[in-house]
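In the UniProt record's numbering, the protein residues as written are 1 to 1212.
All C-beta atoms in this analysis are idealised placements derived from N, C-alpha and C, irrespective of residue type, glycine included.
Below is one structure; the comments refer to it alone.
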């Protein structure tokens, strides 16, 4: 046999190997493998250094050599391997030394990690171990004399013979006796094992059970899941034991010949009967007879139900099981004969029903099915992950019959085709078991009614209307599955539902769930399916998917007018305001009765008590209809001026605001800027209907006209949500009582009488708005109000506020809009307007725009025209730059570069450029502000001709070639930069800076669009100038927390940030850690993240500083010799106040720092610390020449001068 094996290995190019403990081993060395391909490649190399004798040296006794014949060829003639007999015959044909009367000496296998198949009988196995044991049936070299079984090798026969040995076999660990040796060995392996038996071949983890290891291989290493198929039916099982139990119970059931004498149960074996008797007696039946215990003849209802189910005495449950089985058979038949494939949907992701792989896009799932499972036979395993009687979701976009190749659009037509043409057996009395869908990444259309939906979840919910398998008896709604139906039924349950976490009791299950989510779970968690980020709002996750992962934005179209909306709630609000409200509850009930007329066993739906909407929402709907269907002009009134209802612009008279409102065509947007519970102010002079242009005398007639003539859904029982005014005449009049007023303030206060929506509980006064009532209630506050500046006490808050403003405020707040004269009080300005200008305006200084402060109307018009021209020029310039070259705008905030179009932040300019080029190359520019934009010209290429452009000035010259130009009539529209990680260079003057922030401030020198009136400095934007102007404000700025007076606004801001807030303002842009100062953040970036920080060298000496402020202080103190702080006692001057305070201690400073050991006192803490070294014997100063140590540095210096004078002369 050894000679034959040597001859075969020399003739055929095959792979010898060994198998031990779930590992493949090389036949020549000790290397271990789990992959068959890696084993073959290794043996191919290793065989060149070894011979066949090395293989037999690994065996203790004569054994067969395992060989892998995959891709085997003859070494002599290159003939491929076909079968085992051909391999033996081919060796004889070449005349090699082979004795056919003896065994071959080799055990042939075809190794494949996915398929284990016997080469002789072609039987398939789930793992190599089963195949290895199966080879005993083909190579029976050793026969058991007791039972006649055959085995390949002597060790296997020897191991088997232990089964037949009987006697007394004690356990050497616990002394337990066994009648069989195999039982003793099994006991020692499981009870007294040193550790888990089963080892993972990949990661060396060990497990106590074989199936635990198999689960680990499947989950951790993605090994193929083992499935044991029943040969009598289509069921599959995870273990062979479960399959054996299934075969015995379902296909070869035993007769129930053992009956219980005390109940109705029947059993197959006597052992089951004994186990059952414990329920009656508490012990076995033998013990019961001996002890004479009384048996329990009465059992619980639950046990009785189990007995009846076991004896098939529950016909209703049998019907449900039969219906489920028939539904699954219909579904499997439809999938077998068609190209439709099954999938699952869970938490915004698609799952393959065959292998459970997750996909985010349906196209990816479709490609996966076509390449891996298109021809896979469907089994009942597809229903394993479904709960209860749920239907199987199938995709039918390319529905085609596999038998004849005919195409179909619907599943119903295909079902009829199978029955009539191919005579397939389906069960029409039961459900099809499939839920058809046509999946698409952008378009979700119902295959039944062809209605389009914005998302798959909406379409999935819509399928309840077509597959009404479960009907709610309360409201009549239908549902596809029992799980959906059960979740819906809970919404009708009303009672007492305790929270379980706190003591609150809710009326419904839904209310309890919402309470737990909001209060105890801190909001619903919406996880992104593409990354680990989690959100508390659904819209936030949707926005994240659009911005970060490029998902297409979902729009909800109006079915009546075609308008698009970003959210479904906005579309619903549009339905209520612009179109008719949907069907009433009675219409729904009638339609439900029509559909359920053929089912007499169902109850009619009970009348539902719908929760009434808030009055505020209905009034806003009425207001939106009035604004959309009439020429009423909305506006706001703030601090003595008319304000546009759509933007923050202010005007002196209403004629200007009415002309300005033409720029805002969508008047419904005025509701966004209105206060939450306030009515919208509208001007109703010459009121008319926008639909038919009919004139209306007042709003009440307009409301009746819209309802009767145009059938608008105006709710008559509620107010219109608007407050009408007549402002176009010289005198202001009330629309209700006709009373006339000279000032709008008086008219606005007068409207409280006609709209008493809010009542004061103290005095009974009525107010039209909630904020007016809140301001009025300050009068009734009787607490003592103490002034923090002069210690005066006032009874009311009104008196306190008046005192602070008149006594401690020196600024003149009120300015005349015509002559720019300023006043301290509102009454003084009003008096001035009445005497000098006829009382034409009521404006406050804080809300004045640039053009309203001009004296004449011509100047106002010119200023307005100039502003419009400047904005048009800005938009045109930016559009020309973005469409003509690859320069991109950006923002800079807190040490990071921000994308101009989204909220992405980057530390390196290169990453910002790549992001802008990848995601925002074709975005239309919509300016929010008209300040110059920061743009990066580092890598600039002309989009029209592909020429590289050096900088912004060259771009302006180059654009003239293409017929475009940059208009600089009103100044530059951009601030040009060339971003680099190492240095920052000005594109105008070439000056270099270490930090971008320094370069950013330097740009004010070249783009002086706004000039400070105090110091004459120029600034690129108005916001920079406003921030700078605060540095000139001097006076008393009190802190609202502690009352401390500061001399400047900047000092007040710094005081609040350091003392009261004490927050860490400076945030690391990489790890989000916060720091209390700028230098700590820069140090953190340098040491932790290895980011290069700026260095500031002194221009006069070689010193280098890490902060610009330190370099400035160094130059002023060392090179400029500034000494601005003088001592009042000796006249000595110092650079800083800290140095002066340290010096002042010499002139009689209190000795407040005392030593706890010797009770000596010192004026400075530093001196006390130096003194404590004496008590601690801290000799930190060591002489470098003789090694003697000292406590103080002065002692070291004295020692060197006395004992080492020569070293001092030598330059020590």
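Exercise. Under 8 Å between the Cβ atoms of residue 333 and residue 273?
Worked result: One-based indexing of the chain shown puts residue 333 at position 333. One-based indexing of the chain shown puts residue 273 at position 273. In terms of Cβ geometry, residue 333 and residue 273 do not form a close pair [threshold 8 Å].
Exercise. With DSSP run on the structure shown, which of helix, strand or coil describes residue 978?
Worked result: Mapped onto the chain shown, residue 978 falls at position 978. Reduced to three states, the DSSP call for residue 978 is coil.
Exercise. Hey, residue 1185 and residue 1171: beta-carbon distance below 8 Å or not?
Worked result: By 1-based counting over the chain shown, the position of residue 1185 is 1185. By 1-based counting over the chain shown, the position of residue 1171 is 1171. Taking 8 Å as the Cβ cut-off, residue 1185 and residue 1171 do not qualify as a contacting pair.
Exercise. Assuming residue 544 and residue 533 make a contact with CB atoms under 8 Å, what is their CB distance in whole Å?
Worked result: Along the chain shown, read from residue 1 onward, the residue named residue 544 stands at position 544. Along the chain shown, read from residue 1 onward, the residue named residue 533 stands at position 533. About 7 Å separates the two Cβ atoms, so the contact holds.
Exercise. When DSSP labels each residue in this structure, what does residue 910 get in the three-state scheme?
Worked result: Along the chain shown, one-based indexing puts residue 910 at 910. Looking at residue 910 - three-state DSSP - the assignment turns out to be helix.
For this session: Please check the pair residue 959 and residue 965, which I expect to be a contact at CB under 8 Å, by giving their CB distance rounded to whole angstroms.
Result: As a first step, residue 959 is located in the chain shown; it is residue number 959 there, counting from the start. As a first step, residue 965 is located in the chain shown; it is residue number 965 there, counting from the start. About 6 Å; that satisfies the 8 Å criterion.
Exercise. Apart from the five residues just before and just after residue 117, which ones in its own chain have a Cβ nearer than 6 Å to its Cβ?
Worked result: Along the chain shown, read from residue 1 onward, the residue named residue 117 stands at position 117. Listed in chain order, the non-local C-beta contacts of residue 117 below 6 Å within the same chain comprise 124, local neighbours out to five positions each way being set aside.
Exercise. What's the gap between the Cα of residue 678 and the Cα of residue 721?
Worked result: As a first step, residue 678 is located in the chain shown; it is residue number 678 there, counting from the start. As a first step, residue 721 is located in the chain shown; it is residue number 721 there, counting from the start. Roughly 8 Å between the two C-alpha positions.
Problem set entry | Short Cβ contact (8 Å threshold) for residue 252 with residue 246 | Numbered from 1 along the chain shown, position 252 holds the residue referred to as residue 252. Numbered from 1 along the chain shown, position 246 holds the residue referred to as residue 246. Cβ distance not < 8 Å, so residue 252 and residue 246 don't count as in contact.
For this session: Give me the Cα-Cα distance between residue 917 and residue 994, rounded to the nearest whole angstrom.
Result: Here the question's residue 917 lines up with position 917 in the chain shown. Here the question's residue 994 lines up with position 994 in the chain shown. The straight-line gap from Cα to Cα measures roughly 27 Å.
Exercise. Do the CB positions of residue 34 and residue 234 come within less than 8 Å of each other?
Worked result: Taking the chain shown and counting its residues from 1, the one referred to as residue 34 is at position 34. Taking the chain shown and counting its residues from 1, the one referred to as residue 234 is at position 234. Not closer than 8 Å, so no.
For this session: Would you mind stating whether residue 1084 and residue 1075 have Cβ atoms separated by less than 8 Å?
Result: As a first step, residue 1084 must be located in the chain shown, where it is residue number 1084. As a first step, residue 1075 must be located in the chain shown, where it is residue number 1075. In this structure, residue 1075 lies closer than 8 Å to residue 1084 by Cβ.
For this session: Would you list the one or two residues that DSSP bridges to residue 985?
Result: On the chain shown, residue 985 is found 985 positions in, with the first residue counted as 1. Answer by DSSP bridge pairing, in chain order: 992.
Problem set entry | For residue 827, the nearest candidate out of 433, 627 and 745 (CA to CA) | Against the chain shown, residue 827 aligns to sequence position 827. With distances taken between Cα atoms, residue 827 lies closest to 745.
Exercise. Should residue 681 go down as buried or exposed, given a rule of 16 or more other Cβ atoms within 10 Å for buried?
Worked result: Reading the chain shown from its first residue, position 681 is the one you call residue 681. With 16 or more Cβ atoms within 10 Å of its Cβ, residue 681 is classed as buried.
Exercise. From residue 442 to residue 375, what does the alpha carbon distance come to, in whole angstroms?
Worked result: Numbered from its first residue, the chain shown carries residue 442 at position 442. Numbered from its first residue, the chain shown carries residue 375 at position 375. Note on geometry: alpha-carbon atoms of residue 442 and residue 375 lie some 28 Å from one another.
For this session: Could you have a look at residue 1125 and say whether DSSP puts it in helix, strand or coil?
Result: Residue 1125 sits at position 1125 when you count from the first residue of the chain shown. Strand.
Exercise. Which residues in the same chain as residue 705 place their Cβ atom closer than 8 Å to its Cβ, once the five residues preceding and following it in sequence are excluded?
Worked result: Residue mapping note: residue 705 aligns to position 705 of the chain shown, counting from 1. Only residues of its own chain outside the window of five on either side were considered, and among them 689, 694 and 696 have a CB closer than 8 Å to the CB of residue 705, listed in chain order.
For this session: Given a cut-off of 8 Å, decide if residue 335 and residue 394 are closer than it, judged by their beta-carbon atoms.
Result: Here residue 394 refers to the residue found at position 394 of the chain shown. Here residue 335 refers to the residue found at position 335 of the chain shown. Pairing residue 394 with residue 335 gives a Cβ-Cβ distance under 8 Å.
Exercise. Where residue 1132 and residue 1148 are concerned, what is the direct C-alpha to C-alpha distance, given to the nearest angstrom?
Worked result: For the purposes of this step, residue 1132 is taken as the residue at position 1132 of the chain shown. For the purposes of this step, residue 1148 is taken as the residue at position 1148 of the chain shown. Rounded to the nearest whole angstrom, the C-alpha separation of residue 1132 and residue 1148 is 16 Å.
Exercise. By how many angstroms is the C-alpha of residue 996 removed from the C-alpha of residue 933?
Worked result: Position 933 of the chain shown holds residue 933. Position 996 of the chain shown holds residue 996. Taking C-alpha positions only, residue 933 is separated from residue 996 by approximately 15 Å.
Exercise. Under 8 Å between the Cβ atoms of residue 20 and residue 105?
Worked result: Counted from its first residue, the chain shown places residue 20 at position 20. Counted from its first residue, the chain shown places residue 105 at position 105. Taking 8 Å as the Cβ cut-off, residue 20 and residue 105 do not qualify as a contacting pair.
Problem set entry | residue 668 beta carbon less than 8 Å from that of residue 627 | Numbered from its first residue, the chain shown carries residue 627 at position 627. Numbered from its first residue, the chain shown carries residue 668 at position 668. Yes; because the gap between Cβ atoms is below 8 Å, this pair is in contact.
Exercise. In the structure shown, what three-state DSSP assignment does residue 1198 receive?
Worked result: To locate residue 1198, count along the chain shown from 1; it is residue 1198. Reduced to three states, the DSSP call for residue 1198 is helix.
For this session: Express the C-alpha separation of residue 976 and residue 987 in angstroms, rounding to a whole number.
Result: Along the chain shown, one-based indexing puts residue 987 at 987. Along the chain shown, one-based indexing puts residue 976 at 976. Rounded to whole angstroms, residue 987 to residue 976 spans 7 Å at the Cα level.
Exercise. Which value, in whole angstroms, describes the spacing of the CA atoms of residue 215 and residue 385?
Worked result: In the chain shown, the residue the question calls residue 215 occupies position 215. In the chain shown, the residue the question calls residue 385 occupies position 385. Going from the Cα of residue 215 to the Cα of residue 385 covers about 17 Å.
Exercise. Between the stretch 940-949 and the stretch 884-896, do three or more beta carbon pairs fall short of 8 Å?
Worked result: Between the stretch 940-949 and the stretch 884-896, the count of Cβ pairs shorter than 8 Å is three or higher; the stretches touch.
Exercise. Given residue 754, which residues of its chain have a CB within under 7 Å of its CB, disregarding the five upstream and five downstream residues?
Worked result: If you number the chain shown from 1, residue 754 lands on position 754. 736, listed in sequence order.
Exercise. If you draw a straight line from the C-alpha of residue 555 to the C-alpha of residue 898, how long is it?
Worked result: Looking up residue 555 in the chain shown gives position 555. Looking up residue 898 in the chain shown gives position 898. Cα to Cα, the separation comes out at about 28 Å.
Exercise. Going straight from the alpha carbon of residue 592 to that of residue 763, what length do you get?
Worked result: Locating residue 592 in the chain shown gives position 592, where the first residue counts as 1. Locating residue 763 in the chain shown gives position 763, where the first residue counts as 1. At residue 592, the pLDDT of 35 sits below 50, so the modelled position is not reliable and the matter cannot be decided from this model.
Exercise. What is the C-beta distance between residue 625 and residue 708, in whole angstroms, given that I count them as a contact (C-beta under 8 Å)?
Worked result: Working through the chain shown from its first residue, we reach residue 625 at position 625. Working through the chain shown from its first residue, we reach residue 708 at position 708. Contact between residue 625 and residue 708 does not hold, since the beta-carbon distance rounds to 14 Å and is not under 8 Å.
For this session: For the alpha helix (DSSP H) containing residue 107, list its first residue and its last residue.
Result: Position 107 of the chain shown, counting from 1, holds the residue named residue 107. Per DSSP, residue 107 belongs to no alpha helix (DSSP H); it is in the beta strand (DSSP E), 106-109.
For this session: Could you give the DSSP three-state label for residue 407: helix, strand or coil?
Result: Within the chain shown, numbered from 1, the residue matching residue 407 stands at position 407. Note: residue 407 maps to strand in three-state DSSP.
Problem set entry | Residues near residue 935 in its chain [Cβ-Cβ closer than 8 Å; skip 5 each side] | As a working note, residue 935 is residue 935 in the chain shown. Excluding five sequence positions before and after residue 935, the CB atoms of its chain that fall closer than 8 Å to its own CB belong to 881, 887, 888, 889, 890, 952, 974, 975, 976 and 977, given in chain order.
Exercise. Does the beta carbon of residue 210 fall short of 7 Å from some heavy atom of the ligand MN?
Worked result: The model on display carries no ligand, and the ligand MN is accordingly not part of it.
Exercise. What three-state label does DSSP hand residue 709 in the structure shown?
Worked result: Working through the chain shown from its first residue, we reach residue 709 at position 709. Note: residue 709 maps to coil in three-state DSSP.
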